[in-house]
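Structure, as C-alpha cells:
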Amino acid sequence: MRLQGKRAFITAAGQGIGRAIAEAYLREGADVTATDLNDGLLEGLKGARCFALDVTDRAALQSAVADAAPDILVNCAGVVHAGSIADATDDEFDFAMNLNVRAQFHSMQAALPGMVERGGGSIVNIASVASTILAAPNRYLYATSKAAVIASTKSVAVDYVQKGVRANAICPGTVDSPSLHDRLRATGNYEAALEAFIARQPMGRIGLPEEIAHLAVYLGSDESGFTTGQAHVIDGGWANG
Ligand code: NAD
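What follows is the structure in C-alpha cells.
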C-alpha cells in the first residue's frame, strides 16, 4: 500500500487518465476525494468520496480542496482544442486557459497553505507532451495551455521546495481515453486518424490510462521524495524521435 495514510484530491476522475489514477490511488490505500464535472461518471469508485465539481468554478473548487486538506493534489481536468492558430478564437483561447491552466492555479492556491502547515505534500499536474516538449499538428491552443501547466508547476516547485511540498507535471503522449475516440471520430475518418496516431508512436501503440496512473502513484508517494519541478514524459518514445 504505497499511499496508505495519504489524502488525495483528484479532478476529472470520472473517465480516462483521472479515473485510472483514482482507481490506482484507492488500490494503494489512499483516502480519495474523486471529483468530476459529470458526477454520474464517478459511479463505481468504491471507497472514494465522490461529488460533482466544475474546476472552472473557482469558489466551489477552492472550498472543496480546502475541505479535503489533501496530501496529494492531482489536477487532471483538461480539454483538447483541435486546430492550428488559424482556427483558434478568443473564446476558445479563454476556455482552454481557464480549464487547463487557471483551474490548476486555483486548486494549488487552495491546497498549498494546508500542505505547508502539515509539513509537506505532493502536487501532480497533468500536462502533455504536446507543450514545450514537442509540437503536434493542430494542437495550437492545447500546447500553449499545457506549456503553461509545466511552467506553473515548476514555479510552485521552486517556491515550495523548502517547505516540503513537491510539484511535478506528467506529460503523456497519446493515451486511450473516451475523449481520444471523440477526437478521432471528429476527423471524419476514424480509422485513418487512429492509424496516423499509432504511426507516430515508436512503440507502435498508444498508451493506456493505467500506465499514466502508475507514474501518478509514484509521484504522489514518498518514493518520489527526491523529485520536484519536473515534466515527466510518458509517451511511448514519441518525443524521443
Ligand atoms: P477525457 O478527456 O476522456 O475525460 C476528461 C474528463 O474531464 C471527463 O470525465 C470530464 O467530465 C472531465 N471534465 C471536463 N471538464 C471539466 C471541468 N470543467 N471540471 C471538472 N471535470 C471536467 O480524459 P483524458 O483524455 O484521460 O484526459 C485527462 C487529462 O489528461 C487532460 O488534462 C488531458 O489534456 C490530459 N492528456 C490526455 C492525453 C490523451 O491522449 N488522452 C494526452 C496527454 C494529456
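Residue numbering for the sequence shown follows our numbering, beginning at 81 and increasing consecutively. We put the beta carbon where it would ideally sit given N, CA and C, even for glycine.
(1) Please identify the residue among GLY316, ARG107, GLY163 and VAL236 whose C-alpha is closest to the C-alpha of PRO252.
(2) Taking 9 Å as the threshold (C-beta atoms), are TRP318 and PRO289 in contact?
(3) If GLN95 and PRO258 are in contact, beta carbons under 8 Å, what's the gap, nearest whole angstrom?
(4) Over what stretch of residues does the alpha helix (DSSP H) that includes ILE165 continue unbroken?
(5) Starting from GLN239, trace the alpha helix (DSSP H) both ways and give me its first and last residue.
(6) Tell me whether the stretch 152-162 and the stretch 197-204 touch, counting them as touching only if at least three CB pairs, one residue from each stretch, are closer than 8 Å.
(7) If you check the beta carbons only, do ARG246 and GLY199 fall under 9 Å apart?
(8) Give me whichever residues DSSP pairs with CYS130 in a beta bridge.
(9) How is the beta strand (DSSP E) around PRO252 delimited, first residue to last?
(10) Which of helix, strand or coil does DSSP assign to VAL160?
(11) Using CA atoms only, rank isn't needed, just tell me which of THR115, ARG99, ARG280 and GLU291 is closest to ALA140.
(12) Report yes if the C-beta of TYR220 is less than 8 Å from at least one heavy atom of the ligand NAD; otherwise report no.
(13) Quick check: ALA210 and HIS312, are their CB atoms within less than 9 Å of each other?
(14) Any idea if ASN269 is buried or exposed, counting beta-carbon neighbours within 10 angstroms, 16 or more meaning buried?
(15) Pick from ALA149, ARG138 and LEU214: whose alpha carbon is nearest that of VAL181?
(16) So is the beta-carbon of LEU214 under 8 Å away from any non-hydrogen atom of the ligand NAD?
(17) Does the distance from the C-beta atom of ALA190 to that of VAL238 stay below 9 Å?
(18) Got a sec? Which residues, its chain only, sit under 6 Å from THR91 by beta carbon, not counting five neighbours each side?
Taking the definition as stated:
(1) Walking along the sequence shown from the start, residue 252 turns up at place 172. The option with the nearest alpha carbon to PRO252 is GLY316.
(2) Residue numbering aside, residue 289 sits at position 209 when the sequence shown is read from its first letter. Residue numbering aside, residue 318 sits at position 238 when the sequence shown is read from its first letter. PRO289 places its beta carbon 9 Å or farther from that of TRP318.
(3) As a position in the sequence shown, residue 95 is number 15, starting the count at 1. As a position in the sequence shown, residue 258 is number 178, starting the count at 1. The pair is a contact, with the Cβ atoms about 5 Å apart (cut-off 8 Å).
(4) Counting from 1 along the sequence shown, the entry for residue 165 is found at position 85. First-last for ILE165: undefined, no H or E at that position.
(5) As a first step, residue 239 must be located in the sequence shown, where it is residue number 159. The question names Gln, yet the displayed sequence has Asp at residue 239. Where ASP239 is concerned, the enclosing alpha helix (DSSP H) stretches over 220-240.
(6) Touching, yes.
(7) By one-based count along the sequence shown, residue 246 stands at place 166. By one-based count along the sequence shown, residue 199 stands at place 119. In this structure, GLY199 does not lie closer than 9 Å to ARG246 by Cβ.
(8) Locating residue 130 in the sequence shown gives position 50, where the first residue counts as 1. ALA114.
(9) To locate residue 252, count along the sequence shown from 1; it is residue 172. If you look at PRO252, you'll find it in the beta strand (DSSP E) that goes 245-252.
(10) Numbered from its first residue, the sequence shown carries residue 160 at position 80. DSSP places VAL160 in coil when its eight states are reduced to three.
(11) Taking the sequence shown and counting its residues from 1, the one referred to as residue 140 is at position 60. Nearest of THR115, ARG99, ARG280 and GLU291 to ALA140, Cα basis: THR115.
(12) Numbered from 1 along the sequence shown, position 140 holds the residue referred to as residue 220. In this structure, the C-beta of TYR220 stays at least 8 Å away from each heavy atom of the ligand NAD.
(13) Sequence index remark: in the sequence shown, residue 210 carries index 130 (1-based). Sequence index remark: in the sequence shown, residue 312 carries index 232 (1-based). Against a cut-off of 9 Å, the Cβ pair of HIS312 and ALA210 comes out as no contact.
(14) Here residue 269 corresponds to residue number 189 of the sequence shown, with the count starting at 1. Flag for ASN269 reads exposed.
(15) Stepping through the sequence shown from its first residue, residue 181 is reached at position 101. Taking VAL181 as reference, the option from ALA149, ARG138 and LEU214 with the minimal CA-CA separation is ARG138.
(16) Position 134 of the sequence shown, counting from 1, holds the residue named residue 214. No, Cβ of LEU214 sits at least 8 Å from all heavy atoms of the ligand NAD.
(17) To locate residue 190, count along the sequence shown from 1; it is residue 110. To locate residue 238, count along the sequence shown from 1; it is residue 158. Cβ atoms of ALA190 and VAL238: not closer than 9 Å.
(18) As a working note, residue 91 is residue 11 in the sequence shown. In its chain, beyond the 5 residues on either side, THR115, VAL135, ASN155, CYS156 and ALA157 have a beta carbon closer than 6 Å to the beta carbon of THR91.
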